[in-house]
Amino acid sequence: MRIPILKLYNYLLISIQTEIDDQTAIQFQEDLLNEIHETGSQGVVIDLTSVEVIDSFIAKVLGDVVTMSDLMGAKVVLTGIQPAVAMTLIELGIHMQNVPTAIDLEQGLMKLHQELGE
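Residue numbers for the sequence shown follow full-length UniProt numbering, so the first one is 1 and each next one is one higher.
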């Protein structure tokens with residue numbers, strides 16, 4: 001299963017609608033990095049509203065995706081982080097202090113707009 005990546009103006013929007021397995025996570029990482037490279041997008045919003053729990057591998061991939069996107073010049077905003085996901089990230093030592101977050105996709109788009117100074 002692939003996670004859809006939508007382009008909206010100069011942003012990429014991802015809404016993860018289901019629990020993801022390791023293979024899907026790796027495929028998502030590759031797809032997103034390729035999409036950033038191909039489109040030159042400056043911002044990415046990853047909506048996690050439907051993700052209720054994550055394991056250590058998925059948490060690491062998520063942290064890596066944020067870092068890799070940043071290295072490629074795309075700012076990432078995470079939206080809809082559920083309490084269990086936030087706890088898992090912190091418990092595993094995946095700190096995202098410099099990663100903007102928002103309650104929902106709409107707020108995430110506004111936050112990304114602010115972060116990019118547009």
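C-beta: ideal position from N, C-alpha, C; glycine also.
Residue closest to residue i, alpha-carbon to alpha-carbon, out of the options
{"i": "M68", "options": "G108, I90, L8 and D31", "result": "D31"}
{"i": "Q97", "options": "D55, V76 and Q23", "result": "V76"}
{"i": "G80", "options": "I3, G108, E35 and D64", "result": "G108"}
{"i": "E35", "options": "D104, A102 and L8", "result": "L8"}
{"i": "D21", "options": "R2, L33 and A86", "result": "R2"}
{"i": "V45", "options": "Q82, L13 and T18", "result": "L13"}
{"i": "Y11", "options": "I103, T39 and F28", "result": "T39"}
{"i": "Q29", "options": "T18, D64, Q17 and H37", "result": "D64"}
Residue i, buried or exposed, once every other Cβ within 10 Å from all chains shown has been counted against 16
{"i": "K111", "result": "buried"}
{"i": "S41", "result": "buried"}
{"i": "A74", "result": "buried"}
{"i": "L71", "result": "exposed"}
{"i": "V58", "result": "Per the sequence shown, residue 58 should be read as Ile rather than Val. With 16 or more Cβ atoms within 10 Å of its Cβ, I58 is classed as buried."}
{"i": "L6", "result": "exposed"}
{"i": "G117", "result": "exposed"}
{"i": "G93", "result": "exposed"}
7 Å Cβ shell around residue i - same chain, five flanking residues per side excluded
{"i": "A84", "result": "E52 and V53"}
{"i": "V99", "result": "V66, V76 and L78"}
{"i": "H113", "result": "none"}
Proximal residues to residue i (C-beta, below 6 Å), its chain only, five neighbours per side dropped
{"i": "E115", "result": "K75 and P100"}
{"i": "D47", "result": "S15, T79, G80 and L105"}
Beta-ladder partner(s) of residue i, from DSSP
{"i": "N101", "result": "Residue identity differs from the one stated: residue 101 is Thr in this sequence, not Asn. The partner list for T101 (beta bridge, DSSP) reads L78."}
{"i": "S15", "result": "D47"}
{"i": "L6", "result": "L13"}
C-beta contact flag for residue i and residue j at 9 Å
{"i": "T88", "j": "D55", "result": "yes"}
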